[in-house]
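Going line by line, the protein sequences match chains A and B. Throughout the first sequence, residue numbering follows my numbering, covering 1 to 354 in sequence. Throughout the second sequence, residue numbering follows my numbering, covering 355 to 608 in sequence. What follows is one structure encoded as structure tokens, with my remarks underneath.
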Amino acid sequence: MHPLLTRNRFGPYLVAWIPLAVILAFLTTAGGTIRWVEAAAIVIPLCLLYAFICLSAWYTSKGAPIQPENTLRLFLGHITAAALVSALWVGLALALVYFLARMAAFHGLDQRFAPLTRIFFAAGFLLYLLAVASHYVILSLEASSEAEARVLETNIHARDAELKALKAQINPHFLFNSLNSISALTSIDPSRARDMCVLLGDFLRMTLGLGEKTLVRFSEELELLEKYLAIEKVRFGDRLRMQEDIQEESKACMLPPLLLQPLVENAVKHGIASLPEGGQVRLSAERQNGRLSILVENSWDPEAPPRRSGGRGLKNVQQRLEARYGNEASLHVSAEGELFQVSLFLPAESEEKA
Amino acid sequence: MSASQVKRWKALIVDDEELARHIIRELLQSHPEIEIAAECANGMEAVKAVGEHKPNLIFLDVQMPKLTGFDVLELIGTDVPVIFVTAYDQYAMRAFDVHAIDYLLKPIGRERFDAAVERAKNRLGEKLLAPTELAAAARPPQQFAERLVVKDGTKVTIIPVGKLDYAEAQDDYVALATQGKKHLKQQTIAGLEASLDPADFVRIHRSYIVNLERVARIEPYGKESRLAILADGTRLPVSRTGFARLKALLDERK
């Protein structure tokens, strides 16, 4: 589709021809042999016609993009085209003048116009070249805005992919350890082994399911956390103690899925697993004044051996909060003595609004 | 054959998870020549049990509270064949592969278990590479030691690197000075130097590494050498090349 043949561009394009037509009319009358009325009768239909003819330059410009190695050939090609198109236009001008001269009001116009053919040919020639040049400008503007749009689109895709990757993170360590626990239970207590299989299956299914969504109800995330903790409880036994303190109103809030899972996983991995006697994971949440605050707290050993991937989970959560809420949400980490706390504050969104 | 002749091997199972220990116990049932001397739920217990039972095979979990499997290996030396056990630790796995050390992956399967046990039995008396080197190989790239472990008799001390004042080479050992006390550890000073973050620790002398934070001032001493005076008044010799390193690092910090 021609870029100028759209509703809001074609009008301005025709308006741009008005000064050109005026100049041409001025040139026509300059010799003193042609009156203004006669000049208008010639120039107006000719310019209107040429405005359309010049649009054809778009197809030749588009088909022959400027490249360093073909500049000369292109230049010559366009000049030839300009000469041909202009000759055609002058031919049409002569035909028009011939018919006008038939009328009494324009008597002898054809003879008086004859000396102006050269001026019209030169004007046609230059106007066509101007049209070619303008079309190249339009083409390059379009190409650059397209490139910009493409870069923007790629950025958006990259961020989407990143967010997806951040969500779908099933820790391999957790998975293999759970399988090992199941393997042990098969001979000690087969029915517990089966329960554990079901728990693990539920957990994996929920993780995959929640990861698909952009927002989930806090109660759904809680259910996932409970499954996760139940599995870890099998592994750690009495070493893992849990406490939940969730305000009822907070459960209906909506939040990005699997936002809390990595925090609770950290609490187990860096907290409970680092203590020979184990410790407590405490989860509390409250909705107040349009804000949702969530606290994940665990005991830990400040001098524990460093674990791999330290801090990655926290950073992910922070990035996801930022991507969704900007400055509206925050995450705080504090480690005092043997208590490790992560607190989240975010806007309390309910389902309707989301 | 009497019973004492049948049980020729004494094994130690070290894992902080009861269920994980259970699997190894169960898999060992088909190896009647191996007797389980003790089970340990953490590294501290393991170090103690090695002294008490003198086992000749150890199943050692990598990730445990207080002391990791690598810490335990550093503390007990490498006279005993060790089979490492881990769920998923790509750096440790690579280190094991590179150094041809036996390891088992959770969940543990019987075939691999039996093969590892057979190999370990043939390895008795064969020295592994230096445990500190193995620990360094298993560390993620660009990461330095955050703590040092030492054993005095049966007592294990964990020294966070921030609390290390300086280290001094003493034959096959290094003396780690921290909070007015010195702990001996079987390691070369070059090995220790490699495991410490070079932004915080400098080798100021053939026999000394110092924590940059502790250096109060430097005084000339004799013709060519200097002395580093630490915040607690300790005086350490600084060689010419050591001074150049120290100066470069201090300039960088400014």
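Built from N, CA and C at the ideal position, the CB exists for glycine as well.
Using DSSP bridges, identify the partner residues of H559(B). Within the second sequence, residue 559(B) is the residue found at index 205, counting from 1. According to DSSP, H559(B) bridges with Y562(B).
**Prompt:** Name the residues in the region 453-475 of chain B whose C-beta lies less than 8 Å from a C-beta of chain A; which are they?
**Reply:** Correct list: L459, K460, P461 and I462.
(message) Can you pull the chain A neighbours of L421(B), defined as C-beta to C-beta under 9 Å?
(response) Stepping through the second sequence from its first residue, residue 421(B) is reached at position 67. P305, listed in chain order.
Name, please, each residue of chain B whose Cβ falls closer than 7 Å to the Cβ of N177(A).
Against the first sequence, residue 177(A) aligns to sequence position 177. Those are A441 and K460, listed as they occur along chain B.
Considering only residues of the same chain and omitting the five flanking positions on each side of K601(B), which have a CB-CB separation below 7 Å? In the second sequence, the residue the question calls residue 601(B) occupies position 247. Cβ neighbours of K601(B) beyond the five flanking positions: none.
Return the Cβ separation of A400(B) and V436(B) in integer angstroms, given the expectation that the two are a contact with Cβ distance under 8 Å. Along the second sequence, read from residue 1 onward, the residue named residue 400(B) stands at position 46. Along the second sequence, read from residue 1 onward, the residue named residue 436(B) stands at position 82. That belief does not hold up - the Cβ atoms of A400(B) and V436(B) are roughly 11 Å apart, past 8 Å.
Nearest chain A C-beta to I437(B) closer than 8 Å, yes or no?
-> Locating residue 437(B) in the second sequence gives position 83, counting from the first residue. I437(B) does not count as touching chain A.
- Query: To the nearest angstrom, how far is it from the Cα of G278(A) to the Cα of G576(B)?
  - Reply: Residue numbering aside, residue 278(A) sits at position 278 when the first sequence is read from its first letter. Residue numbering aside, residue 576(B) sits at position 222 when the second sequence is read from its first letter. Each residue's alpha carbon lies about 56 Å from the other.
| request: Check whether the Cβ atoms of A585(B) and I572(B) lie closer than 8 Å to each other. | output: Locating residue 585(B) in the second sequence gives position 231, counting from the first residue. Locating residue 572(B) in the second sequence gives position 218, counting from the first residue. The answer is no: Cβ separation not under 8 Å.
(Q) Please report the distance separating the alpha-carbon of L72(A) from that of I66(A). (A) In the first sequence, counting from the first residue as 1, residue 72(A) sits at position 72. In the first sequence, counting from the first residue as 1, residue 66(A) sits at position 66. Answer to the nearest angstrom: the Cα atoms are 10 Å apart.
Inset, instruction - Taking only beta-carbon positions, decide if D425(B) is within less than 8 Å of chain A. - result: Along the second sequence, one-based indexing puts residue 425(B) at 71. Yes, D425(B) lies at the interface with chain A (some Cβ there is under 8 Å from its Cβ).
Practice task
Please compile the residues from chain B whose C-beta is within a distance smaller than 8 Å of the C-beta of D301(A).
Solution key: As a first step, residue 301(A) must be located in the first sequence, where it is residue number 301. The CB of D301(A) comes closer than 8 Å to the CB of P419 and K420 in chain B, given here in chain order.
Could you say which of A365(B), A570(B) and A553(B) lies nearest to V603(B) if we only look at CA atoms? The residue given as residue 603(B) occupies position 249 in the second sequence. Rather than Val, the amino acid found at residue 603(B) in this sequence is Leu. Comparing Cα positions, the closest option is A553(B).
Practice task
Measure the CB-CB distance between L414(B) and G423(B) and report whether it falls below 8 Å.
Solution key: For the purposes of this step, residue 414(B) is taken as the residue at position 60 of the second sequence. For the purposes of this step, residue 423(B) is taken as the residue at position 69 of the second sequence. For L414(B) and G423(B), yes; Cβs fall inside 8 Å.
task = Using a Cβ cut-off of 8 Å (strictly closer), state whether L373(B) contacts chain A.
result = Within the second sequence, residue 373(B) is the residue found at index 19, counting from 1. With its beta carbon less than 8 Å from one in chain A, L373(B) belongs to the interface.
ask   = Using a beta-carbon distance below 8 Å, is F236(A) in contact with chain B?
value = Counting from 1 along the first sequence, the entry for residue 236(A) is found at position 236. Cβ-Cβ to chain B under 8 Å: yes for F236(A).
Margin query: Beta-carbon within less than 8 Å of D301(A)'s beta-carbon, same chain only, minus the 5 sequence neighbours each way: which residues are those?
Written below: If you number the first sequence from 1, residue 301(A) lands on position 301. Take D301(A), set aside five residues on each side of it, and the residues of its chain with a beta-carbon closer than 8 Å to its own are S274, L275 and E338, in chain order.
(Q) Would the region 219-232 of chain A count as touching the region 186-194 of chain A if we require 3 or more Cβ pairs under 8 Å? (A) Because the criterion of three Cβ pairs below 8 Å is not met, the region 219-232 of chain A and the region 186-194 of chain A do not touch.
**OP:** Go ahead and pull the three-state DSSP assignment for F498(B).
**Re:** Position 144 of the second sequence, counted from the start, is the residue given in the question as residue 498(B). Coil, per DSSP.
What's the gap between the Cα of I462(B) and the Cα of L260(A)?
Numbered from its first residue, the second sequence carries residue 462(B) at position 108. Numbered from its first residue, the first sequence carries residue 260(A) at position 260. If you take the alpha carbons of I462(B) and L260(A), they lie about 31 Å apart.
R594(B) burial status per 10 Å Cβ neighbour count (16 or more: buried):
For the purposes of this step, residue 594(B) is taken as residue 240 along the second sequence, with counting starting at 1. Counting C-beta atoms within 10 angstroms of its own C-beta, R594(B) has fewer than 16 neighbours from the protein chains shown and is therefore classed as exposed.
inquiry  = Can you confirm whether the region 55-69 of chain A touches the region 86-94 of chain A when touching is taken to mean that 3 or more C-beta pairs between the two stretches lie within less than 8 Å?
reply    = Taking a cut-off of 8 Å on C-beta distances, the region 86-94 of chain A does not touch the region 55-69 of chain A, as fewer than three cross pairs fall below it.
Considering only the alpha carbon of each residue, which of A267(A), G313(A) and A143(A) lies closest to E297(A)?
What you label residue 297(A) is simply residue 297 of the first sequence in a count that begins at 1. For the residues A267(A), G313(A) and A143(A), the minimum Cα distance to E297(A) belongs to A267(A).
- Can you tell me the Cα-Cα spacing of A357(B) and M398(B), whole angstroms? Your numbering for residue 357(B) matches position 3 in the second sequence. Your numbering for residue 398(B) matches position 44 in the second sequence. Note that A357(B) scores 47 on pLDDT, short of 50, meaning its location in the model is unreliable; the coordinates nonetheless yield the value given after this. If you draw a straight line from the Cα of A357(B) to the Cα of M398(B), it is about 31 Å long.
Spatially closest choice to L224(A) from Q318(A), R159(A), I170(A) and E248(A), by CA coordinates: Here the question's residue 224(A) lines up with position 224 in the first sequence. Of the listed residues, the one whose Cα sits closest to L224(A) is I170(A).
Practice prompt. Note down, in chain order, all residues in the region 265-277 of chain A with a beta-carbon under 7 Å from any beta-carbon belonging to chain B.
Written response: Result list: A273, S274, L275 and P276.
Exercise. At a cut of 8 Å, does the region 285-295 of chain A reach the region 235-254 of chain A through at least three beta carbon pairs?
Worked result: The answer is yes - the region 235-254 of chain A touches the region 285-295 of chain A, with three or more Cβ pairs under 8 Å.
Give every residue of the same chain whose Cβ lies closer than 7 Å to the Cβ of E220(A), excluding the five residues on either side of it in the sequence, and list them in chain order.
-> The count along the first sequence starts at 1 and reaches residue 220(A) at position 220. Correct list, in chain order: L210.
Could you tell me which chain A residues have their CB closer than 9 Å to the CB of N396(B), listed as they occur along the chain?
Taking the second sequence and counting its residues from 1, the one referred to as residue 396(B) is at position 42. What N396(B) touches in chain A: P276.
**OP:** Output yes if chain A places a C-beta closer than 8 Å to the C-beta of H376(B); else output no.
**Re:** What you label residue 376(B) is simply residue 22 of the second sequence in a count that begins at 1. In terms of beta-carbon proximity, H376(B) lines the interface with chain A, with at least one pair separated by less than 8 Å.
Self-check item: Beta carbon of T486(B) nearer than 8 Å to that of Q541(B)
Solution: Position 132 of the second sequence holds residue 486(B). Position 187 of the second sequence holds residue 541(B). Yes. Within cutoff.
Check your understanding: Between the C-alpha atoms of M242(A) and V592(B), what's the straight-line distance to the nearest angstrom?
Key -> Position 242 of the first sequence, counting from 1, holds the residue named residue 242(A). Position 238 of the second sequence, counting from 1, holds the residue named residue 592(B). Going by the C-alpha atoms only, they are around 54 Å apart.
>> Using 8 Å for Cβ pairs, my map puts K505(B) next to L429(B). What's the rounded Cβ distance?
In response: Position 151 of the second sequence, counted from the first residue, corresponds to residue 505(B). Position 75 of the second sequence, counted from the first residue, corresponds to residue 429(B). About 5 Å separates the two Cβ atoms, so the contact holds.
For E328(A), which residues of its own chain have a beta-carbon under 8 Å away from its beta-carbon, when the five flanking residues on both sides are left out?
For the purposes of this step, residue 328(A) is taken as the residue at position 328 of the first sequence. Sequence-distant Cβ neighbours of E328(A) in its own chain, meaning closer than 8 Å and more than five residues away, are L346 and P347.
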